[in-house]
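Below: the structure, in structure tokens.
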Amino acid sequence: MTHKRPVRHPGTVVAVLACLSLAACSAGSTSVGKSTGNGLTIGLTAEPATFDFTRTDGAAIPQALLDNVYETLVKLDQSGKIRPDLATSWSLSKDRRTYTFHLVQNATFSNGARFTAEDAKFSIERVNSAWTVAQKAQMSVVDGVRAVSPTELEVTLKKPSNDWLYRMTTRVGAMFSRTGVRELATEPVGTGPYVVRNWNRGDSITLARRKGYWGRTPHFASVTLKYFKDPTAMNNALLTGTINVIGQMQSPESLYRFQNNSKYKVIEGTTNGEVVLSLNNGSGPMKNPRARRAVRYAIDHKALVDTCWAGHGKPIGSMVPPTDPWYQNLTDLYPYDRDKARRLLEESGESGRTLRLRIPALPYATACGTVVKSQLEQAGFTVKLDQLEFPAAWLTTVFKNSDYDLSIISHVEPRDMQTVFGDKSYYTHYDNPEFRALLRKADQGSQEQQIASMRAAARLLSKDAAADWLFLLPNLMVADADITGLPVNSVSESLDLTGLGRS
Amino acid sequence: MIVRLVQRIAILLASLAVSSVLVFAFMAVLPGDPARVALGTSASDSAVAQLRQEFGLDRPLVAQYLSWVRGLVTFAPGNSYISHAPIGPQLADRLQVTLWLVGTGMVIACLLALPLGTLMAVRHRKPSGLVLSALSQVGVAIPAFLAGILLITVFAVGLGWLPANGWTPPDQDPVLFLKQLVMPALSLGIVQAAVVTRYVRSAVLDVLREDYLRTARAKGLRPTRALLRHGLRNAAVPVVTVLALQLATLLVGSVVIERVFVIPGLGSLLLDSVANRDLIVVQDVVMIIAMAVLLVNFLVDMVYLLIDPRLRGGGS
Amino acid sequence: MTPAPGTAPAAATQDDVLAVRNLDVTVGGRTLVEDVGFTIRAGERVGLIGESGSGKSLTALSVMGLLPEGLRASGSVRLAGVDHDLVGADEARMSRVRGKEIAMVFQEPMTALNPTMRVGRQIAEVLLIHRTRPDRASARAAAVELLAQVGLPDPGAAAQAYPHQFSGGQRQRVVLAIALANDPALLVCDEPTTALDVTVQARVLDLIVRGVQDRRSAMLFITHDLAVVATACERVMVMYGGRLVESGPVREVFTRPRHRYTQGLIGASDLTVVDDRGRLATIRGSVPPAGRFPAGCVFRNRCDHATEVCATRPEWIPTGPDSGYACFHPVPGSAAPGATTPTNQEAGRG
Amino acid sequence: MSVQEREATVASAVSADRKRRRPVTGSLLVGGLIVAAVIGMALLSFVWTPHDPTLVDPSVRLQEPSSDYWFGTDKFGRDVFSQILVGSRTTLFVGFVAVGVAALIGVPLGIVAGMAPRWCGELLMRGNDLLLAFPALLLAIMFAAVYGAGTLVAMVAIGIASIPHFARLIRGGTLQIMRTEYVIAARAAGRGPFAIAVRHVLPNVSGLVIVQASVGFAIAVLAEAALSFLGFGTPPPTPSWGRMLQESQELLSIAPRLAVFPGVAIAVAVLGFNLLGDGLRDRFDPKLEDRR
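Chains as they are written, first to last, in the numbering used here: chain A, 77 to 579; chain B, 12 to 327; chain C, 4 to 353; chain D, 171 to 462.
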């Protein structure tokens with residue numbers, strides 16, 4: 077959650093908007109929210125444009141609706157493991173192509189309809205038929221869906237895919253009612269514990285607990301998601317009691333205002349948001365591997381994180397967050413070495429060229445851009461910094477037209493190595509058949525094979541200097557001290573409200 | 012008088028027509044196809060074509076213009092390219108918020124500027140007048156958003172008297188509404204007051220030098236009453252002019268203030284729509300602001316007729 | 004009139020409406036009016052003449068207490084029936100006097116009226132301020148009556164009109180109506196006809212004179228036009244350089260001036276052309292800027308008869324109860340004045 | 171009363187002070203000194219700054235003011251004083267572009283409208299007034315949408331939005347000069363309109379232009395600050411007072427000085443240009459008295 081506004085026109089899966097999940101947690105006693113009466117108000121940054129994530133991209137909609145209004149068959153726990161949700165259990169056939177899900181019996185949609193295997197079949201098939209967003213590709217591996225009984229669903233894949241089950245925890249796995257998809261943009265109908273009660277466009281969304289939810293009743297009767305474009309405003313809102321939780325701290329520099337104050341609690345964990353210094357592997361000076369490596373040696377990651385994100389944020393060295401099973405620390409592949417960078421730059425023959433560092437006008441990008449420019453210049457590069465309005469101008473110039481040499485963007489989609497580097501037409505234009513083969517192998521193999529292959533792929537990617545990974549955005553949350561159930565790590569696309577409580 | 016009125020209405024309508032053409036033309040030359048922008052970079056050409064048809068973008072420009080104008084005139088401006096939501100209710104909501112803000116800001120500005128400016132004029136040679144005058148110069152030099160940030164720092168974060176930001180409609184919670192309105196309205200109002208004060212001072216100084224004010228005193232009116240009875244109405248003409256011009260500034264100044272105080276008004280809508288290239292909304296918001304400015308100018312013309320009999324015609 | 008600058012003031016008699024003593028007007032360090040003293044009796048019409056910058060308007064404004072900001076008056080101005088000195092009186096006390104005991108007609112009728120108020124109301128206002136009429140309705144009726152008195156056709160409609168709908172002469176009549184509304188004991192007129200067309204000057208002048216005569220008001224009439232003084236006034240005072248230099252009955256002063264300045268003034272106005280510049284040209288040199296007059300006799304740098312003695316200040320030499328002059332080398336008493344008196348000229352014109 | 175007549179009323183109301191004919195006024199002196207100081211800072215920054223204003227140095231981030239860093243450092247370890255110095259260039263650039271655009275179009279427009287036949291002048295002014303319906307900030311945001319955010323784009327927009335003010339003021343002045351005897355004489359002598367415009371009108375309205383330019387400068391500086399705050403202004407890393415102010419926000423309670431220095435710089439510069447404008451008005455305007 078790093079971007080100010082939701083993306084409404086992304087291409088493929090650039091989930092440029094961050095999302096966070098408040099996963100598991102414990103419940104507490106009932107108390108009264110400061111501003112919303114019997115409820116809780118959470119400050120967030122990116123407001124959805126519509127409620128229809130089947131046709132509108134961006135992380136803002138699943139952040140608000142997934143797990144709260146819509147539910148999935150399976151969902152992630154805090155450690156990144158896949159757990160039952162609407163499916164009580166599932167099994168995988170020997171050829172690793174057929175999943176059989178056993179569904180809960182008593183789930184209903186908020187329009188009153190019962191949730192059955194037919195709805196699950198309808199939802200999965202609808203991804204391929206009616207969705208327009210880029211994520212729909214993740215469902216293309218499905219060969220056929222069969223409702224064996226009202227509580228048993230069978231999904232056959234065209235080829236084995238470890239990734240598919242994981243994607244079923246994300247928005248493409250959301251379960252829709254066969255009779256509730258007419259007004260998706262304004263009236264979402266799901267099986268979740270909350271319904272949308274009020275949407276004050278440009279300001280806030282209020283979710284209300286619904287009666288008849290099949291699972292455990294969440295603590296808060298209503299939760300308001302309030303959207304702030306300005307990080308300082310969000311901090312002030314918490315300080316003056318307008319909100320109870322800062323869902324994602326956008327100005328870590330001002331954490332000190334909450335840290336030594338018993339009225340507040342600060343939570344710091346990881347997210348899926350890799351802040352990437354993207355390099356244009358396809359053309360220009362960054363096509364040259366030596367020049368790319370020079371860039372990587374020139375960046376002093378420690379100093380960078382200290383300066384632009386107040387020391388919060390983990391250096392990662394490749395496209396894998398620590399919550400993924402195949403995470404490994406690859407930061408020592410390119411330790412900071414200015415002289416080496418200078419030498420490599422000389423050798424590359426690109427030293428005379430001006431690099432265009434074109435960043436979106438977002439807090440972290442602006443802050444990092446200033447530092448990156450300064451560090452690169454100290455290593456002998458010539459850098460011109462352009463700030464592009466986000467999302468429209470950045471998406472057009474950098475993402476669509478690839479009219480850039482370097483950029484800085486946080487890729488917040490979970491498990492997005494494939495998306496960002498597995499397609500040579502993507503804006504990074506990284507083109508390595510060996511890398512793609514490793515990813516394929518990981519998808520189709522056993523769990524051990526998957527982990528090994530993914531590790532190899534991540535290492536290859538980093539070695540090739542396909543990009544530089546500046547740091548992993550921390551999951552920084554600040555809340556009133558009595559709020560419980562806040563997740564340490566943000567592992568999924570949703571902001572799961574069901575576990576929150578008040579002590 | 013009637014002739015004047017008809018003339019002014021004609022000018023207003025002509026101005027509205029021309030500015031609508033300008034706004035439309037400006038948006039038409041914007042690089043990028045709204046449909047493609049709306050659908051994102053990976054959309055297929057057929058999907059874009061379908062959306063273009065849905066929005067009516069495949070029609071000739073003149074037809075597009077006419078249907079846009081029809082939408083505005085009938086208060087049915089269609090749907091957003093991005094959110095597909097109807098724009099009309101949203102515009103109405105946002106406009107209401109901004110009007111509260113601007114209206115209150117203007118009232119504060121007037122409440123401060125009219126007496127202070129008059130006082131500065133009456134005492135323009137005395138120390139108190141000079142101090143006020145210097146203060147107003149400083150006030151003019153402070154950006155409104157800086158005033159807002161300072162207010163928040165002191166009264167919300169520091170003293171905890173008021174919420175730092177946010178907006179609640181008055182019918183939902185009148186007390187909270189007022190609490191949240193105070194600081195944004197003040198930051199708009201105070202800076203505005205500094206500007207208006209200087210004009211009031213000049214206008215009153217001019218009036219103070221007028222012969223008829225001396226006549227009024229020769230009649231036996233004390234200076235203050237002479238100024239109140241005979242001066243203010245005459246000073247009102249330039250002041251009303253300035254207030255009208257400043258209203259445009261205030262309307263746009265609220266863009267920044269809405270950002271500082273997280274207020275879902277017209278300004279936030281404009282900024283969001285610009286960032287998302289929701290061009291039809293940008294077009295509508297810009298047109299609403301232009302309309303507001305033109306309308307206020309028209310009303311000011313009407314006010315002149317009320318204030319100054321010389322403009323009503325029929326005299327020599 | 005009992006001019007007595009520099010001398011012990013003559014006691015004000017019962018008849019005196021206005022008694023000015025040792026009046027000075029200063030701004031910064033400069034003295035613009037110096038040691039002026041005179042009295043005006045009830046019903047008496049007194050002219051005050053002099054070139055621009057001679058201090059005559061400031062003298063009038065001092066009497067009204069309406070000096071421009073920054074100017075200070077000192078000395079004494081007493082008005083019959085007012086138990087305090089008008090010099091230095093606060094606004095509260097002055098405002099009770101102005102418009103009731105003393106009223107004023109200004110030079111510039113085009114700007115003297117509030118452009119945004121109907122003239123009827125502007126007249127009625129002065130009646131209501133001083134509560135000389137019990138209520139709005141009667142004040143309004145009185146205003147219409149006053150408009151009729153100053154000769155405006157259709158006074159009922161005129162009361163409903165705004166100033167811009169009138170000509171300059173008509174506006175001056177409205178100003179006069181305001182001034183006369185409360186039957187003031189003293190009417191101060193500051194060049195009331197100067198800004199008007201020649202054709203309407205005489206008519207307005209006539210209205211003023213008749214107005215004060217009807218009310219038995221006294222009048223202080225300021226002008227640089229000798230002919231006007233001859234028509235409207237019984238007595239005349241001549242000011243130069245912020246001082247009174249001569250005074251006396253109109254006929255006497257105009258036919259046998261004593262002060263050399265008065266002599267020059269009258270000599271200049273002997274031409275049938277009434278023209279400021281033409282007249283000035285006959286007195287050597289020009290009026291110095293305010294505060295730059297020579298010490299001693301203020302006129303000596305322009306006077307053909309000046310000698311060393313003129314460097315000291317000339318004493319006021321009374322020649323009668325209401326007359327006198329301040330000059331070391333006066334025109335001999337027997338000297339013949341101009342062939343024709345201004346009075347006759349004006350009479351011929353009017 | 172048309173808009174331009176109103177503007178004239180306002181102009182004369184605002185310039186009422188001139189009738190008092192103050193000598194070399196305090197405002198002229200103070201304003202002139204401040205503006206000279208800003209120009210001096212800008213010139214100085216070309217040859218000397220204590221530190222590189224854009225050099226990021228994490229080892230010295232958020233330093234308190236010291237003999238080495240006079241105004242301290244920001245969160246990137248950049249020297250605030252050096253940034254303020256170099257930022258004055260941005261401020262001047264902003265003013266010159268905005269005022270330049272406004273004057274280059276507004277002045278000829280005003281003169282033409284003042285010299286043209288009455289109906290034509292009225293028409294020009296009506297068109298001119300239409301621009302008023304698009305306030306400066308609005309225009310700047312629209313321009314940013316089309317051409318991308320940037321100092322130049324923003325200031326051209328501010329300049330365009332300031333055209334009507336120049337045009338109206340200059341038209342008012344021109345109308346008066348056209349009534350003066352020397353222009354009537356020149357016209358009687360058969361001088362062409364162009365010659366009259368260049369020889370008589372332009373020199374006589376130049377005072378008005380300078381006054382309005384000074385005020386326009388102040389408006390532009392304020393607008394740049396507001397646009398920077400919204401992210402439509404000067405992009406990093408170019409030092410700009412407006413952006414420094416915006417960047418200082420998150421640190422407002424630990425390092426308020428980061429907001430104080432640029433905030434004061436903006437306010438003082440704007441004050442300077444406004445005072446200079448006021449002072450110049452006192453000096454230049456008597457020529458064009460009796461505007462009513």
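In this text, a Cβ means the ideal position worked out from N, Cα and C, and glycines have one as well. Predicted, not measured: the structure shown is a model, and the values here were computed from it.
- [ ] Give a yes or no on whether 7 Å exceeds the smallest Cβ distance from D:Q233 to chain A.
- [x] Taking the fourth sequence and counting its residues from 1, one reaches residue 233 of chain D at position 63. No, its Cβ sits nowhere closer than 7 Å to a Cβ of chain A.
Open item on the list: Using CA atoms only, rank isn't needed, just tell me which of C:V36, C:V253, C:H262 and C:E104 is closest to C:I181.
Closed with: Counted from its first residue, the third sequence places residue 181 of chain C at position 178. Selected option, being the one with the closest Cα: C:E104.
Task: CB contact check: B:A259 to chain D, cutoff 7 Å - done: Taking the second sequence and counting its residues from 1, the one referred to as residue 259 of chain B is at position 248. Yes, its Cβ sits closer than 7 Å to a Cβ of chain D.
- [ ] Establish whether the CB of B:N245 and some CB of chain A are separated by less than 7 Å.
- [x] Here residue 245 of chain B refers to the residue found at position 234 when the second sequence is read from its first residue. It does not; no Cβ of chain A falls within 7 Å.
- [ ] Could you tell me whether the Cβ atoms of C:V239 and C:V212 are closer together than 7 Å?
- [x] Here residue 239 of chain C refers to the residue found at position 236 when the third sequence is read from its first residue. Here residue 212 of chain C refers to the residue found at position 209 when the third sequence is read from its first residue. Taking 7 Å as the Cβ cut-off, C:V239 and C:V212 do not qualify as a contacting pair.
TODO: Would you check if the distance between the CB atom of A:L514 and the CB atom of A:A533 is smaller than 7 Å?
DONE: In the first sequence, counting from the first residue as 1, residue 514 of chain A sits at position 438. In the first sequence, counting from the first residue as 1, residue 533 of chain A sits at position 457. Contact: yes.
Open item on the list: List, in chain order, every chain B residue whose beta-carbon is nearer than 7 Å to that of D:V199.
Closed with: Along the fourth sequence, one-based indexing puts residue 199 of chain D at 29. It is Leu, not Val, that sits at residue 199 of chain D in the sequence shown. Going along chain B, no residue has its Cβ under 7 Å from D:L199, so there is no contact; the nearest lies around 14 Å.
Open item on the list: List, from N- to C-terminal side, the alpha helix (DSSP H) runs of 4 residues or more that fit wholly inside the segment 71-103 of chain B.
Closed with: 72-84
TODO: Let me know if C:T119 comes out buried or exposed under the rule of 16 or more other beta-carbons within 10 Å of its beta-carbon.
DONE: If you number the third sequence from 1, residue 119 of chain C lands on position 116. Buried, because 16 or more other Cβ atoms sit within 10 Å of the Cβ of C:T119.
TODO: List the whole-angstrom C-beta distance separating C:L183 from C:L149, where the pair is believed to meet the contact cut-off of C-beta under 8 Å.
DONE: Translated into positions along the third sequence, residue 183 of chain C becomes position 180. Translated into positions along the third sequence, residue 149 of chain C becomes position 146. At roughly 7 Å, the Cβ-Cβ gap stays under 8 Å, so C:L183 and C:L149 are in contact.
TODO: Select from the segment 290-316 of chain A all residues with a C-beta closer than 7 Å to any C-beta belonging to chain D, and list them in chain order.
DONE: P307 and T308
Open item on the list: Here's the rule I'm using: 16 or more other beta-carbon atoms within 10 Å means buried, otherwise exposed. How should B:M280 be labelled?
Closed with: Numbered from its first residue, the second sequence carries residue 280 of chain B at position 269. According to the sequence provided, residue 280 of chain B is Leu. The question's Met does not apply to it. Flag for B:L280 reads buried.
TODO: Please go through the segment 174-250 of chain C and give each complete alpha helix (DSSP H) segment of 4 or more residues, from N-terminal end onward.
DONE: 201-218 and 229-235
Task: Assigned exposure category for D:C290 - 16 Cβ within 10 Å defines buried - done: Within the fourth sequence, the letter at position 120 stands for residue 290 of chain D. D:C290 should be labelled exposed.
Open item on the list: On the criterion of 16 or more Cβ atoms from any shown chain inside 10 Å, does B:Q101 qualify as buried, or is it exposed?
Closed with: Here the question's residue 101 of chain B lines up with position 90 in the second sequence. By the neighbour-count rule (16 or more Cβ atoms within 10 Å), B:Q101 is buried.
Open item on the list: Tell me which residue opens and which closes the beta strand (DSSP E) that A:K460 is part of.
Closed with: Working through the first sequence from its first residue, we reach residue 460 of chain A at position 384. Unbroken beta strand (DSSP E) run through A:K460: T458 to L464.
TODO: Output yes if chain D places a C-beta closer than 7 Å to the C-beta of B:L280; else output no.
DONE: Counting from one through the second sequence, the residue named residue 280 of chain B turns up at place 269. No, its Cβ sits nowhere closer than 7 Å to a Cβ of chain D.
Open item on the list: In whole angstroms, give me the CA-to-CA distance for A:G188 and B:N176.
Closed with: Along the first sequence, read from residue 1 onward, the residue named residue 188 of chain A stands at position 112. Along the second sequence, read from residue 1 onward, the residue named residue 176 of chain B stands at position 165. The alpha-carbon atoms of A:G188 and B:N176 are separated by roughly 39 Å.
Open item on the list: For chain B, check one thing: does any of its Cβ atoms lie closer than 7 Å to the Cβ of D:P405?
Closed with: In the fourth sequence, counting from the first residue as 1, residue 405 of chain D sits at position 235. It does not; no Cβ of chain B falls within 7 Å.
TODO: Compute the distance between the beta-carbons of D:A268 and D:A390, then report whether it is under 7 Å.
DONE: Within the fourth sequence, residue 268 of chain D is the residue found at index 98, counting from 1. Within the fourth sequence, residue 390 of chain D is the residue found at index 220, counting from 1. Yes, the pair counts as a contact, with Cβ atoms nearer than the cut-off.
Open item on the list: Going by beta-carbon coordinates alone, are A:P124 and A:S570 separated by less than 7 Å?
Closed with: Position 48 of the first sequence, counted from the start, is the residue given in the question as residue 124 of chain A. Position 494 of the first sequence, counted from the start, is the residue given in the question as residue 570 of chain A. Contact flag unset, no.
Open item on the list: Please report the straight-line C-alpha distance between B:M117 and C:V248, rounded to a whole angstrom.
Closed with: Counted from its first residue, the second sequence places residue 117 of chain B at position 106. Counted from its first residue, the third sequence places residue 248 of chain C at position 245. Each residue's alpha carbon lies about 60 Å from the other.
- [ ] Compare the C-beta of B:Q18 against all C-beta atoms of chain E and say whether one is closer than 7 Å.
- [x] The structure shown contains no chain E; the protein chains it does contain are A, B, C and D.
TODO: Provide the residue(s) that pair with A:Y270 in DSSP beta bridges, ordered along the chain.
DONE: Working through the first sequence from its first residue, we reach residue 270 of chain A at position 194. Partner(s): A:R285.
Open item on the list: Using the three-state DSSP reduction, which class does B:I318 fall into: helix, strand or coil?
Closed with: Stepping through the second sequence from its first residue, residue 318 of chain B is reached at position 307. Helix at B:I318.
Open item on the list: For a quick check, are the C-beta atoms of C:S98 and B:R233 less than 7 Å apart?
Closed with: Indexing the third sequence from 1 puts residue 98 of chain C at position 95. Indexing the second sequence from 1 puts residue 233 of chain B at position 222. Cβ distance < 7 Å, so C:S98 and B:R233 count as in contact.
Task: 7 Å Cβ cutoff, D:P228 in contact with chain A - done: Against the fourth sequence, residue 228 of chain D aligns to sequence position 58. Chain A, which has a Cβ nearer than 7 Å to the Cβ of D:P228, makes this yes.
Task: the segment 543-557 of chain A contacting the segment 326-340 of chain A, beta-carbon criterion three pairs below 8 Å - done: yes
Open item on the list: I want to verify the contact list: residues of chain A whose CB lies under 7 Å from the CB of D:S215, in sequence order.
Closed with: Locating residue 215 of chain D in the fourth sequence gives position 45, where the first residue counts as 1. In chain order: nothing, as chain A lies at least about 19 Å away.
- [ ] Just confirm the distance between the C-beta atoms of A:D128 and A:A261, as a whole number of angstroms; I'd bet it's less than 8 Å.
- [x] Numbered from 1 along the first sequence, position 52 holds the residue referred to as residue 128 of chain A. Numbered from 1 along the first sequence, position 185 holds the residue referred to as residue 261 of chain A. Sure, about 4 Å apart at Cβ, within 8 Å.
TODO: Spatial neighbours of D:G412 within its chain, please: CB distance less than 6 Å, with the 5 preceding and 5 following residues excluded, ordered by chain position.
DONE: On the fourth sequence, position 242 is the one that residue 412 of chain D refers to. Excluding residues within five positions, the ones whose Cβ falls inside 6 Å are E394, A395, S398 and G403.
- [ ] Starting from the beta carbon of D:P305, find every residue of chain B whose beta carbon is closer than 8 Å, and list them in chain order.
- [x] Start at 1 with the first residue of the fourth sequence, and residue 305 of chain D comes out as number 135. In chain order: A259, T260, L262, V263, I300 and V304.
Open item on the list: Any beta carbon of chain C sitting closer than 7 Å to that of B:A229?
Closed with: Locating residue 229 of chain B in the second sequence gives position 218, counting from the first residue. Judged by the 7 Å Cβ criterion, B:A229 is in contact with chain C.
Task: For A:L464 and A:Y610, the rounded distance between their alpha carbons - done: There is simply no residue 610 of chain A to check, as chain A begins at 77 and stops at 579 in what is shown.
Task: Closer than 7 Å to chain A by CB, B:N176 - done: As a working mapping, residue 176 of chain B is identified with position 165 in the second sequence. B:N176 counts as touching chain A.
Task: Euclidean distance between Cα positions of C:V277 and C:G244 - done: Here residue 277 of chain C refers to the residue found at position 274 when the third sequence is read from its first residue. Here residue 244 of chain C refers to the residue found at position 241 when the third sequence is read from its first residue. For C:V277, the predicted model reports a pLDDT of 48, less than 50, meaning its position is unreliable and no value from the coordinates is stated.
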